[in-house]
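S.K.: A single structure is presented below for examination.
Chains as they are written, first to last, in my numbering: chain A, 20 to 186; chain B, 20 to 186.
Following this line, the structure appears as structure tokens:
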């Protein structure tokens, strides 16, 4: 199924029942070592770990790298969706993301330093026959509609709950 | 190397040269189909895709699922770090994360709907011999120091740049 068909099918499903617009995504996992986390998202398995200097075995990318990968891939797929919506031809797309972090924050060495990224930079490189203006129009539509960009730039409500510990 | 040794080594490296506290993480990738993104984070390869109803081949979890996995795994490893720092024994840890999303936002069906998550819920289940109060103390330290929780709950500066399109 093409992206245009998927968008149209989704539109019709929501028109038939607006409740179809609301989705709840669920992921879970457990520590298999102090640094290695074995995660599941549906049928997919993902290994997250820390590099050696942070006490890990580097069996997978780290949590903050996965956060940047989520942003890069979200920019990419939302570019495909909006290229289809706007009738802009797109033959290929590369995305690079970098983020600055001060490790004194999460390690508790300096509580005036935020634990997360201080700055994140995204570069999008489209390939195709359209004018630079059309790709600029596309990039603006993407930035207005990218879920992970919204998650990172605008505060999102997150609640954490501690389950009863088991011995 | 244990986590306690890694924290102490990092502390000493920063004491020797404060510039060692600043890291820049880099990831990149490209579309191999309109929905599939082949990503790299250091030596690690990650496949991100969309499920069938959104036009993909479900070759990997989706971008918003990776965002939730980043949060789950970050909570897990920061729990290990802070258990070591606070001398709290931790034998195991499970983390579940769920997030609510309204697809009308990112698909542009209703621009009053935000593209990202409206609500995210995390549950942490520790296993070990300590009292519930000690695990509560640990959970509070984690929430104050988790980079991805900070990224999601507090706005972070993200800039996007469009490279010159190539034909």
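Each residue gets a CB set at the ideal place from its N, CA and C atoms; glycine is no exception.
Keep in mind the model is a prediction, meaning the values are calculated, not measured.
So is residue 155 of chain A in contact with chain B if we call contact Cβ pairs under 9 Å?
M.R.: Counted from its first residue, the first chain places residue 155 of chain A at position 136. Yes, residue 155 of chain A counts as interfacial toward chain B.
S.K.: Run through DSSP, which three-state label would residue 33 of chain B get?
M.R.: Against the second chain, residue 33 of chain B aligns to sequence position 14. Helix.
S.K.: Are the Cβ atoms of residue 75 of chain B and residue 166 of chain A separated by less than 9 Å?
M.R.: If you number the second chain from 1, residue 75 of chain B lands on position 56. If you number the first chain from 1, residue 166 of chain A lands on position 147. It is not a contact, given that the beta carbons lie outside the stated cut-off.
S.K.: Among all the DSSP beta bridges, which residues are the ones paired with residue 63 of chain B?
M.R.: As a working note, residue 63 of chain B is residue 44 in the second chain. For residue 63 of chain B, which the question treats as bridged, DSSP gives the partners B/60.
S.K.: Determine whether the Cβ of residue 21 of chain B lies closer than 9 Å to any Cβ atom of chain A.
M.R.: As a working note, residue 21 of chain B is residue 2 in the second chain. By this cut-off, residue 21 of chain B is an interface position.
S.K.: Do you know offhand how far residue 80 of chain A's Cα is from residue 90 of chain A's?
M.R.: Position 61 of the first chain, counted from the first residue, corresponds to residue 80 of chain A. Position 71 of the first chain, counted from the first residue, corresponds to residue 90 of chain A. The alpha-carbon atoms of residue 80 of chain A and residue 90 of chain A are separated by roughly 15 Å.
S.K.: Please compile the residues from chain A whose C-beta is within a distance smaller than 9 Å of the C-beta of residue 178 of chain B.
M.R.: The count along the second chain starts at 1 and reaches residue 178 of chain B at position 159. The contacting residues are 138, 139, 140 and 141.
S.K.: Can you tell me which of A/70, A/56 and A/62 puts its alpha carbon nearest to the alpha carbon of residue 62 of chain B?
M.R.: Locating residue 62 of chain B in the second chain gives position 43, counting from the first residue. The residue with the shortest Cα to Cα distance from residue 62 of chain B is A/70.
S.K.: Counting only C-beta atoms, is residue 36 of chain A closer than 9 Å to chain B at any point?
M.R.: Here residue 36 of chain A refers to the residue found at position 17 when the first chain is read from its first residue. No, residue 36 of chain A does not count as interfacial toward chain B.
S.K.: Taking 9 Å as the CB-CB limit, is residue 81 of chain A close to chain B?
M.R.: One-based indexing of the first chain puts residue 81 of chain A at position 62. So, interface residue.
S.K.: Using a C-beta to C-beta distance shorter than 7 Å, which residues of chain A count as neighbours of residue 26 of chain B?
M.R.: Here residue 26 of chain B refers to the residue found at position 7 when the second chain is read from its first residue. Chain A residues near residue 26 of chain B: 126.
S.K.: Excluding the 5 residues preceding and the 5 following residue 171 of chain A in the sequence, name in chain order all residues of the same chain whose CB lies nearer than 7 Å to its CB.
M.R.: What you label residue 171 of chain A is simply residue 152 of the first chain in a count that begins at 1. Correct list, in chain order: 90 and 139.
S.K.: Pull up the DSSP beta-bridge partners for residue 142 of chain A, would you.
M.R.: Taking the first residue of the first chain as position 1, residue 142 of chain A is located at position 123. Per DSSP, A/115 and B/180.
S.K.: Round the Cβ separation of residue 83 of chain A and residue 120 of chain A to the nearest angstrom and send it over; I've been treating them as touching at under 8 Å.
M.R.: Translated into positions along the first chain, residue 83 of chain A becomes position 64. Translated into positions along the first chain, residue 120 of chain A becomes position 101. Sure, about 6 Å apart at Cβ, within 8 Å.
S.K.: Leaving out five residues on either side along the sequence, give the residues of the same chain with a beta carbon under 6 Å from the beta carbon of residue 124 of chain A.
M.R.: The residue labelled residue 124 of chain A in the question sits at position 105 within the first chain. Within the same chain, residue 124 of chain A has close Cβ partners 132, 133 and 134.
S.K.: Taking 9 Å as the cut-off, decide whether the C-beta atoms of residue 145 of chain A and residue 148 of chain B are in contact.
M.R.: Here residue 145 of chain A refers to the residue found at position 126 of the first chain. Here residue 148 of chain B refers to the residue found at position 129 of the second chain. No, these two residues do not count as a Cβ contact at 9 Å.
S.K.: Between residue 116 of chain A and residue 78 of chain B, what straight-line distance do the alpha-carbon atoms span, to the nearest angstrom?
M.R.: What you label residue 116 of chain A is simply residue 97 of the first chain in a count that begins at 1. What you label residue 78 of chain B is simply residue 59 of the second chain in a count that begins at 1. Near 22 Å, if we compare the C-alpha coordinates of residue 78 of chain B and residue 116 of chain A.
S.K.: Classify residue 87 of chain A as helix, strand or coil using the three-state DSSP reduction.
M.R.: Here residue 87 of chain A refers to the residue found at position 68 of the first chain. If DSSP states are grouped into helix, strand and coil, residue 87 of chain A belongs with the helices.
S.K.: Pair every Cβ in the stretch 53-61 of chain B with every Cβ in the stretch 33-49 of chain A, then say whether three or more of these pairs are closer than 8 Å.
M.R.: These segments do not touch.
S.K.: Helix or strand or just coil, what does DSSP make of residue 79 of chain A?
M.R.: Walking along the first chain from the start, residue 79 of chain A turns up at place 60. Residue 79 of chain A: coil per DSSP, three-state reduction.
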